[in-house]
Amino acid sequence: MRKKIYLIPGTMCTEQLWSNLLPLLINSVAHHYEFVHVKIPKDKNLIQIITFLDSFFTEDRAIIIGFSLGGYIASYFAATYPQRVDKIFVIANSPCALNHKEIKQRQAIVKFINQHSYKGISKARATQLLDSKKWTKEQLNQLVATIVNMDAKLGELEFVSQMQNTTHRTDLFEPLTRSSVASTYCYSKDDLLVNSSWLDKLQQANPRCQMICISGASHMLVLEKPKELAIHIQTWLSTY
259 MRKKIYLIPG
269 TMCTEQLWSN
279 LLPLLINSVA
289 HHYEFVHVKI
299 PKDKNLIQII
309 TFLDSFFTED
319 RAIIIGFSLG
329 GYIASYFAAT
339 YPQRVDKIFV
349 IANSPCALNH
359 KEIKQRQAIV
369 KFINQHSYKG
379 ISKARATQLL
389 DSKKWTKEQL
399 NQLVATIVNM
409 DAKLGELEFV
419 SQMQNTTHRT
429 DLFEPLTRSS
439 VASTYCYSKD
449 DLLVNSSWLD
459 KLQQANPRCQ
469 MICISGASHM
479 LVLEKPKELA
489 IHIQTWLSTY
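In the working numbering, each residue carries its 1-based index in the sequence shown increased by 258.
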């Protein structure tokens, strides 16, 4: 019987997020694992989300891969329900509180949308999430289109729900330093959305927390570096 690997996406990401990565993983590990997409529940705060996951996961101890917000959720679940987790692989996230500036920006965005409407993520903002210097114009446009399409598919209500319910995050450093869960954090060296010094301190405090630092500035590692990510995930599955 194959084990399940649960995939938790990031903010305003659909199953399309995994479209470059999954075929590579399925080719290599399909005999032993199957992949289950997890949709972030709407209109639930983070505590309610992990409570939902506690009943959603069918096995005693789940294997979880989370990207960005999904990575925080995976870490939060592991910190709260360690007995329910086999191991986690977190991509492009440091599970700490958002900084004050980002919280204020998110609050301002929600206020603006409530007064006007949500026009979707801009191409400029989508480009900021990518390591844009490494792509041709055509390649960059395709990546931006994927981000814009995922956002458009989920729409305004989903965006507002995620902004309102997942912005105030608990810093998970203390519970994760005590955790016995095998946790791997994979991120880009120059990703401005990841607090790499925080992750370095976590690794020093708990050897069960492993770090994989990839060169570049990509936040959207799942889209931009699927081959490299697939190799790291295969190693993680066979090692930890």
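Glycine is no exception: its CB is placed at the ideal position from the N, C-alpha and C atoms.
Thinking C-alpha only, which one of T316, F335, V406, L401 is nearest Y376?
The sequence position of residue 376 within the sequence shown is 118, counting from 1. Nearest C-alpha to Y376: V406.
* What did DSSP end up calling G268 once you bin it into helix, strand or coil? -> Residue 268 sits at position 10 when you count from the first residue of the sequence shown. Coil, per DSSP.
- Task: Could you spell out where the beta strand (DSSP E) holding Q373 opens and where it closes?
- Result: Position 115 of the sequence shown, counted from the start, is the residue given in the question as residue 373. Unbroken run through Q373 is the alpha helix (DSSP H), 358 to 373; no beta strand (DSSP E).
**Prompt:** Thinking just about the alpha-carbon of each residue, which of F347, A355, L430 is nearest to the one in D443?
**Reply:** Walking along the sequence shown from the start, residue 443 turns up at place 185. The question names Asp, but residue 443 in the sequence shown is Tyr. Per the Cα distances, F347.
Three-state secondary structure (DSSP) of H295
By 1-based counting over the sequence shown, the position of residue 295 is 37. DSSP, read as helix, strand or coil, puts H295 in strand.
**Prompt:** Hey, would you say A475 sits closer than 7 angstroms to D409, going by beta carbons?
**Reply:** Sequence index remark: in the sequence shown, residue 475 carries index 217 (1-based). Sequence index remark: in the sequence shown, residue 409 carries index 151 (1-based). Cβ distance not < 7 angstroms, so A475 and D409 don't count as in contact.
_Stretch-stretch touch, CB-based, cutoff 8 angstroms, three pairs: the segment 415 to 423 with the segment 279 to 292_ = Segments in contact, no.
_Classify E482: buried if its beta carbon has 16 or more other beta carbons within 10 angstroms, exposed otherwise._
Residue 482 sits at position 224 when you count from the first residue of the sequence shown. Per the 10 Å Cβ criterion, buried.
| task | Please report the residue range of the alpha helix (DSSP H) in which A336 lies. | result | Position 78 of the sequence shown, counting from 1, holds the residue named residue 336. Its alpha helix (DSSP H) spans residues 327 to 338.
Specify the secondary structure class of M421 as computed by DSSP and reduced to three states. Translated into the one-based positions of the sequence shown, residue 421 becomes position 163. Taken through DSSP and simplified to helix, strand or coil, M421 comes out as helix.
Using DSSP bridges, identify the partner residues of A440. In the sequence shown, counting from the first residue as 1, residue 440 sits at position 182. According to DSSP, A440 bridges with K345.
Backbone CA spacing between D301 and T309 [nearest angstrom]:
As a first step, residue 301 is located in the sequence shown; it is residue number 43 there, counting from the start. As a first step, residue 309 is located in the sequence shown; it is residue number 51 there, counting from the start. For D301 and T309, the gap between their C-alpha atoms comes out near 13 angstroms.
Measure the C-alpha to C-alpha separation of G378 and G413 and round it to an integer number of angstroms.
The sequence position of residue 378 within the sequence shown is 120, counting from 1. The sequence position of residue 413 within the sequence shown is 155, counting from 1. If you take the alpha carbons of G378 and G413, they lie about 7 angstroms apart.
- Query: Are there 16 or more other CB atoms within 10 angstroms of the CB of F315, so buried, or fewer, so exposed?
  - Reply: Working through the sequence shown from its first residue, we reach residue 315 at position 57. Counting every other CB atom within 10 Å of its CB across the protein chains shown gives F315 a total of 16 or more, marking it as buried.
Quiz prompt | Reduced DSSP secondary structure (H/G/I, E/B, other) of G413 | solution = Looking up residue 413 in the sequence shown gives position 155. Reduced to three states, the DSSP call for G413 is helix.
**Prompt:** Which residues in the same chain have their Cβ closer than 7 angstroms to the Cβ of K261, if we skip the five residues on either side of it in sequence?
**Reply:** For the purposes of this step, residue 261 is taken as residue 3 along the sequence shown, with counting starting at 1. Excluding residues within five positions, the ones whose Cβ falls inside 7 angstroms are H290, Y291, I321.
- prompt: Helix, strand or coil: how does DSSP classify S446 here?
  reply: Here residue 446 corresponds to residue number 188 of the sequence shown, with the count starting at 1. Reduced to three states, the DSSP call for S446 is strand.
Considering only C-alpha positions, which residue in the set I367, S286, L265 is nearest to K485? As a working note, residue 485 is residue 227 in the sequence shown. Minimum Cα distance to K485 is reached at S286.
Practice prompt. Measure from the alpha carbon of T425 to the alpha carbon of each residue in K297, I266, Y330, P267, then state which is nearest.
Written response: Indexing the sequence shown from 1 puts residue 425 at position 167. Here the closest residue by C-alpha is Y330.
Report task. Determine the extent of the alpha helix (DSSP H) in which I305 is found, giving its start and end residues. Result -> The residue you call residue 305 lines up with position 47 of the sequence shown. Per DSSP, the unbroken alpha helix (DSSP H) holding I305 starts and ends at 304 to 314.
- prompt: Which two residues bound the contiguous beta strand (DSSP E) that contains I379?
  reply: Looking up residue 379 in the sequence shown gives position 121. Run containing I379: none; DSSP gives neither H nor E here.
Just how far apart, CA to CA, sit R436 and H295? Sequence index remark: in the sequence shown, residue 436 carries index 178 (1-based). Sequence index remark: in the sequence shown, residue 295 carries index 37 (1-based). The alpha-carbon atoms of R436 and H295 are separated by roughly 29 angstroms.
Could you check where the beta strand (DSSP E) with Q468 kicks off and where it finishes? Here residue 468 corresponds to residue number 210 of the sequence shown, with the count starting at 1. Under the DSSP assignment, Q468 falls in the beta strand (DSSP E) whose first and last residues are 467 to 472.
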